[in-house]
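**Q** Just so it is clear: in the sequence shown, position 473 is 473 by full-length UniProt numbering, and no numbers are missing.
Even glycine gets a Cβ: it sits at the ideal position worked out from N, Cα and C.
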Amino acid sequence: MERKSKKNSKIEKTESASKKKKKKNDDMSEPEEDEKKINEVEDGSLLLKSNKTENNVNNNDNNNTNYDNQKNNLLYKKRNRVCPYLRTINRNLLDFDFEKLCSISLSNLHVYACLVCGLYFQGIGKGTHAYTHSLEKNHYVFINLETCKTCCIPEGYEIVDASLNDIKYFLKPTYNKEQVEHLCYNSVLGKSLDGGDFLPGLVGLNNLKNTDYCNVIIQLICSIIPLRNTLLLYECKENIAKNIIVVLSDLIKKIYNPRNFKGVVSPHEFLQAVGIESNKNFKIGTKKYPLDFFLWLLNKIYRHSNKMLKKRKLSTLKKKTGYLKRKLEDNEPVSKEEKKNVHDKEKIYDEMNKSDNTSNKKKKEKDKWVYSNINIVDYCFDGELLIKTIKEEGNEESQENMDLKFNESDNYSKDYLKNINEEEVEEEKNKQKNDYQNIYNNTFLNLVKKNKNYLIVKIPFRTLSLKLPNAPVFKSTTESNIIPQVSIFELLSKFDGETETFLQEHFKIPNTLIISKLPKYLIFTIERFSKNNFFIEKNGTIVNFVIKNLDMKDYVHEDFLSLNPVTKYNLIANIFHTGTVNQGSYKIHVLNQPTNEWYEIEDLHVISILPQLVLLPESCIQLYQRQDVKLNGDI
Numbered sequence: 001m002e003r004k005s006k007k008n009s010k011i012e013k014t015e016s017a018s019k020k021k022k023k024k025n026d027d028m029s030e031p032e033e034d035e036k037k038i039n040e041v042e043d044g045s046l047l048l049k050s051n052k053t054e055n056n057v058n059n060n061d062n063n064n065t066n067y068d069n070q071k072n073n074l075l076y077k078k079r080n081r082v083c084p085y086l087r088t089i090n091r092n093l094l095d096f097d098f099e100k101l102c103s104i105s106l107s108n109l110h111v112y113a114c115l116v117c118g119l120y121f122q123g124i125g126k127g128t129h130a131y132t133h134s135l136e137k138n139h140y141v142f143i144n145l146e147t148c149k150t151c152c153i154p155e156g157y158e159i160v161d162a163s164l165n166d167i168k169y170f171l172k173p174t175y176n177k178e179q180v181e182h183l184c185y186n187s188v189l190g191k192s193l194d195g196g197d198f199l200p201g202l203v204g205l206n207n208l209k210n211t212d213y214c215n216v217i218i219q220l221i222c223s224i225i226p227l228r229n230t231l232l233l234y235e236c237k238e239n240i241a242k243n244i245i246v247v248l249s250d251l252i253k254k255i256y257n258p259r260n261f262k263g264v265v266s267p268h269e270f271l272q273a274v275g276i277e278s279n280k281n282f283k284i285g286t287k288k289y290p291l292d293f294f295l296w297l298l299n300k301i302y303r304h305s306n307k308m309l310k311k312r313k314l315s316t317l318k319k320k321t322g323y324l325k326r327k328l329e330d331n332e333p334v335s336k337e338e339k340k341n342v343h344d345k346e347k348i349y350d351e352m353n354k355s356d357n358t359s360n361k362k363k364k365e366k367d368k369w370v371y372s373n374i375n376i377v378d379y380c381f382d383g384e385l386l387i388k389t390i391k392e393e394g395n396e397e398s399q400e401n402m403d404l405k406f407n408e409s410d411n412y413s414k415d416y417l418k419n420i421n422e423e424e425v426e427e428e429k430n431k432q433k434n435d436y437q438n439i440y441n442n443t444f445l446n447l448v449k450k451n452k453n454y455l456i457v458k459i460p461f462r463t464l465s466l467k468l469p470n471a472p473v474f475k476s477t478t479e480s481n482i483i484p485q486v487s488i489f490e491l492l493s494k495f496d497g498e499t500e501t502f503l504q505e506h507f508k509i510p511n512t513l514i515i516s517k518l519p520k521y522l523i524f525t526i527e528r529f530s531k532n533n534f535f536i537e538k539n540g541t542i543v544n545f546v547i548k549n550l551d552m553k554d555y556v557h558e559d560f561l562s563l564n565p566v567t568k569y570n571l572i573a574n575i576f577h578t579g580t581v582n583q584g585s586y587k588i589h590v591l592n593q594p595t596n597e598w599y600e601i602e603d604l605h606v607i608s609i610l611p612q613l614v615l616l617p618e619s620c621i622q623l624y625q626r627q628d629v630k631l632n633g634d635i
């Protein structure tokens, strides 16, 4: 009996050991089988085998649903499996500010960035540059620079992991209206990977060889609140070629990114686009004046915003015309007025607005800013000048010819009116239907009737140029160390309506200038560089200006004072030049409006300064903001 019990115990032990081995083999085979299944999903062989067995039991409808469910489950496993190479990502080497080109083929199609070394490569399939790089360097994690999708190469599956969200936001930061409103009223502090603190919006820009003039203008645009907000909320639709506005909005989004890895932004991609758009007039390595670049960029923004407004109007018109045509086709009762208005665009647009409920309108008005449906350049810089000249016999010119001549002056961009089409002129006439514009036009007509002996021309302006007095040629021994100074009110006497000036050299008749409409943002340009017969010389005269409460009441025409209730301005940015003509550079003083603190920005260097130091340098461009403008850009 004892022998039998021993034999039974031995048999039980062998059976238990064999069971354990089977379990181990099953556990080891499960992931291998899953991988085989995942690989067979693409060929469809596994799914066909399973469907053959199921066809005997279920109907065709059930088989199709099972086929789809099985395919989705296996693909879900493939996409959502944990990538073992996420630890190899090096965030310190990532830099997405450069132009998105393959580092080998210089192609801009299907470009991926290696998250281990930071280099750009094209494609992820077999034989592509990214595929060979992953095999040669053992770098397996890549991100698409357009879609922000991460993938593992050479295995070729998509990586879905929450730890990669910071990299995706660093590549393409996005904002909604609530976040932009928070940026307007509060100062946000960011922290880079090295532990350094920085202020989003007051970030240093990399100088790519003589690009300080461009960096200064970018910082100036960030100070113009409505323009900055529209660029932060600008969304580029897919399948649209990148233009200068898309690249500019991407740059400003990166400047205001609180989760920036480095706390510094490089405008390389933006400058490459500028060089192409401007036919290499503004390119890396050549010195230019900031004013020329600013006017050129404003002109581009103006044209783009006009195109966007036209597209919105056309989309609403198509909806309304389609609705009315459906009614006519279905023989539904339609009023005679609606039949007439099928081809009348203005009436259809008005009816579209009338059709909305009052509650929906109120919600939309709350959600949108005042400048969301207006040309942003016209909203910010909507100032107008009155030019008054004496009528003389033999020199009588029509008002239309005078408009064309004055538009070529330095106070106004040369390319502005040349690019206005007849349709844009009609749109501007339609905009003038509101009460304010009617009153403004009536006062202008009354002014023309009063002054019959004078020819009065009304022109818009973006900037007001101030001319410095000539520096003294000979200096006495006692005044050798004294720097010449001028008050800004002496320079503004040009716009008091009494002092006679010559807008251009070939005009023999003197003119008087006075402001009829004050803009929300007033820009003064001070001419410091002049050309003589031999070289370019710099005028180092210091302008004593006002930081707060600059009153422009004395430079507005009496008849238009009632239409300009707010005439006081505050300085928010000041561009100045330091050094000589050849070796000097441009810097900027910027006001952080939520904290009311001044900062000096020179390329990558950002320093906090006292307000008294803003008055000392040789300023070239000054940006003033009207006091009725809120921190979010509304009035």
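For my contact list, V116 and V141 are in at a C-beta cut-off of 8 angstroms; report their separation, rounded to the angstrom.
**A** Residue mapping note: residue 116 aligns to position 116 of the sequence shown, counting from 1. Residue mapping note: residue 141 aligns to position 141 of the sequence shown, counting from 1. Contact flag correct, Cβ pair sits at about 6 angstroms.
**Q** Excluding the 5 residues flanking I526 on each side, which residues of the same chain have their C-beta closer than 7 angstroms to its C-beta?
**A** For this step, residue 526 is matched to residue 526 along the sequence shown. For I526, where only same-chain residues beyond five positions count, the Cβ hits under 7 angstroms are L466, L468, V543, S619, C620.
**Q** Please report how far the alpha carbon of L205 lies from the alpha carbon of I609, in whole angstroms.
**A** Counting from one through the sequence shown, the residue named residue 205 turns up at place 205. Counting from one through the sequence shown, the residue named residue 609 turns up at place 609. Spanning the two alpha carbons is a distance of roughly 19 angstroms.
**Q** From I284 to P84, what does the alpha carbon distance come to, in whole angstroms?
**A** Along the sequence shown, one-based indexing puts residue 284 at 284. Along the sequence shown, one-based indexing puts residue 84 at 84. In a straight line, the C-alpha of I284 is about 42 angstroms away from that of P84.
**Q** Where L47 and P154 are concerned, what is the direct C-alpha to C-alpha distance, given to the nearest angstrom?
**A** Translated into the one-based positions of the sequence shown, residue 47 becomes position 47. Translated into the one-based positions of the sequence shown, residue 154 becomes position 154. Low confidence applies to L47: its pLDDT is 38, below 50, so where it sits in the model is not reliable, and the reading given next is rough at best. C-alpha separation (whole angstroms): 25 angstroms.
**Q** Provide the residue span of the alpha helix (DSSP H) that contains H129, from first to last.
**A** Position 129 of the sequence shown holds residue 129. Counting along the chain, the alpha helix (DSSP H) containing H129 begins and ends at 129-137.
**Q** Need the endpoints of the alpha helix (DSSP H) that Q272 sits in, please.
**A** Residue mapping note: residue 272 aligns to position 272 of the sequence shown, counting from 1. Q272 -> alpha helix (DSSP H) spans 268-277.
**Q** Tell whether a beta-carbon distance below 8 angstroms holds between C222 and G201.
**A** As a position in the sequence shown, residue 222 is number 222, starting the count at 1. As a position in the sequence shown, residue 201 is number 201, starting the count at 1. Yes, Cβ-Cβ distance for C222 and G201 is below 8 angstroms.
**Q** How far does the alpha helix (DSSP H) with T253 in it extend, from its first residue to its last?
**A** Stepping through the sequence shown from its first residue, residue 253 is reached at position 253. Here residue 253 is Lys; the residue named in the question, Thr, does not match the sequence. Counting along the chain, the alpha helix (DSSP H) containing K253 begins and ends at 244-255.
**Q** Beta carbon of K458, beta carbon of E384: below 8 angstroms?
**A** Against the sequence shown, residue 458 aligns to sequence position 458. Against the sequence shown, residue 384 aligns to sequence position 384. Result yes, Cβ atoms of K458 and E384 sit closer than 8 angstroms.
**Q** Compare the C-alpha of L550 against each of Q627, G579, L513 and name the closest.
**A** Along the sequence shown, one-based indexing puts residue 550 at 550. Answer by Cα proximity: Q627.
**Q** Looking at C102 and the ligand MN, is the gap between the Cβ and the nearest heavy atom below 7 angstroms?
**A** The ligand MN is not part of this structure, which contains no ligands at all.
**Q** Report buried or exposed for T512, applying the criterion of at least 16 other Cβ atoms within 10 angstroms of its Cβ.
**A** Position 512 of the sequence shown holds residue 512. It counts as buried.
**Q** Exposed or buried, which one is P267 when buried takes at least 16 other CB atoms within 10 Å?
**A** Within the sequence shown, residue 267 is the residue found at index 267, counting from 1. The residue is buried, with at least 16 neighbouring Cβ atoms inside 10 Å.
**Q** What are the boundary residues of the alpha helix (DSSP H) that D166 is part of?
**A** In the sequence shown, residue 166 corresponds to position 166, counting from 1. Note, D166: alpha helix (DSSP H), 165-171.
**Q** Helix, strand or coil for residue 637 per DSSP?
**A** No answer is possible for residue 637: it lies beyond the span of the chain, which begins at 1 and ends at 635.
**Q** What first and last residue would you give for the beta strand (DSSP E) that runs through F121?
**A** To locate residue 121, count along the sequence shown from 1; it is residue 121. Segment 120-122, the beta strand (DSSP E) holding F121.
**Q** Report the CB separation of L231 from I252 in whole angstroms; it is logged as a contact under 8 angstroms.
**A** Your numbering for residue 231 matches position 231 in the sequence shown. Your numbering for residue 252 matches position 252 in the sequence shown. Right, the Cβ-Cβ distance comes to about 5 angstroms (below 8 angstroms), so this counts as a contact.
**Q** Is D197 buried or exposed, if buried means 16 or more other CB atoms sit within 10 Å of its CB?
**A** In the sequence shown, residue 197 corresponds to position 197, counting from 1. Exposed: under 16 other Cβ atoms inside 10 Å.
**Q** Among I89, P594, V606, T595, which residue has its Cα nearest to the Cα of I588?
**A** Taking the sequence shown and counting its residues from 1, one reaches residue 588 at position 588. It is V606 whose Cα lies nearest to the Cα of I588.
**Q** Does DSSP classify S223 as helix, strand or coil?
**A** Residue mapping note: residue 223 aligns to position 223 of the sequence shown, counting from 1. Looking at S223 - three-state DSSP - the assignment turns out to be helix.
**Q** Ordered along the chain, which non-local residues of its own chain (more than five positions away) have a Cβ less than 8 angstroms from that of L145?
**A** Numbered from 1 along the sequence shown, position 145 holds the residue referred to as residue 145. The residues are F96, K100, V111, Y112, A113, Y120, L171.
**Q** Assess, as a yes-or-no matter, whether the region 183-199 is touched by the region 560-572 under the definition of 3 or more beta carbon pairs within less than 8 angstroms.
**A** No, the region 560-572 is not in contact with the region 183-199.
**Q** Consult DSSP for N592 and reduce its assignment to one of helix, strand or coil.
**A** Sequence index remark: in the sequence shown, residue 592 carries index 592 (1-based). N592: strand per DSSP, three-state reduction.
**Q** Is the Cβ-Cβ distance between V546 and I488 less than 8 angstroms?
**A** Residue 546 sits at position 546 when you count from the first residue of the sequence shown. Residue 488 sits at position 488 when you count from the first residue of the sequence shown. In this structure, I488 lies closer than 8 angstroms to V546 by Cβ.
**Q** Can you tell me which of I167, N533, L522, E490 puts its alpha carbon nearest to the alpha carbon of A573?
**A** In the sequence shown, the residue the question calls residue 573 occupies position 573. Nearest option by C-alpha distance: L522.
**Q** Check the DSSP bridge columns for C152 and list the partner residues they point to.
**A** Locating residue 152 in the sequence shown gives position 152, where the first residue counts as 1. V141, Y157, per the DSSP bridge assignment.
**Q** Shortest alpha-carbon distance to L491 belongs to which of F261, Y555, H304?
**A** Mapped onto the sequence shown, residue 491 falls at position 491. Comparing Cα positions, the closest option is Y555.
**Q** Using a Cβ-Cβ distance under 8 angstroms, would C83 count as near chain D?
**A** Absent from the structure: chain D. Only one protein chain is present.
**Q** Just mark T174 as buried or exposed, buried being the case when its beta carbon has 16 or more other beta carbons within 10 Å.
**A** In the sequence shown, residue 174 corresponds to position 174, counting from 1. T174 is exposed by the Cβ-count criterion.
**Q** In whole angstroms, what separates the C-alpha of I376 from that of Y302?
**A** Within the sequence shown, numbered from 1, the residue matching residue 376 stands at position 376. Within the sequence shown, numbered from 1, the residue matching residue 302 stands at position 302. If I take the Cα positions, the gap works out to 7 angstroms.
**Q** Within its chain, find whatever has a CB closer than 7 angstroms to the CB of L208; leave out the 5 residues flanking it on each side and keep chain order.
**A** Here residue 208 corresponds to residue number 208 of the sequence shown, with the count starting at 1. H268, L271, I284, listed in sequence order.
**Q** So F495 and I515 are in contact, right, with Cβ under 8 angstroms, and what is the actual spacing, rounded?
**A** For this step, residue 495 is matched to residue 495 along the sequence shown. For this step, residue 515 is matched to residue 515 along the sequence shown. Going by Cβ atoms, the distance from F495 to I515 rounds to 6 angstroms, so yes, they are a contact pair.
**Q** Assuming E146 is part of the beta strand (DSSP E), what are its boundary residues?
**A** The count along the sequence shown starts at 1 and reaches residue 146 at position 146. From DSSP, E146 is part of no beta strand (DSSP E); its letter is neither H nor E.
**Q** Considering only DSSP beta bridges, list what S530 is partnered with.
**A** Within the sequence shown, numbered from 1, the residue matching residue 530 stands at position 530. Bridge partners of S530: E537.
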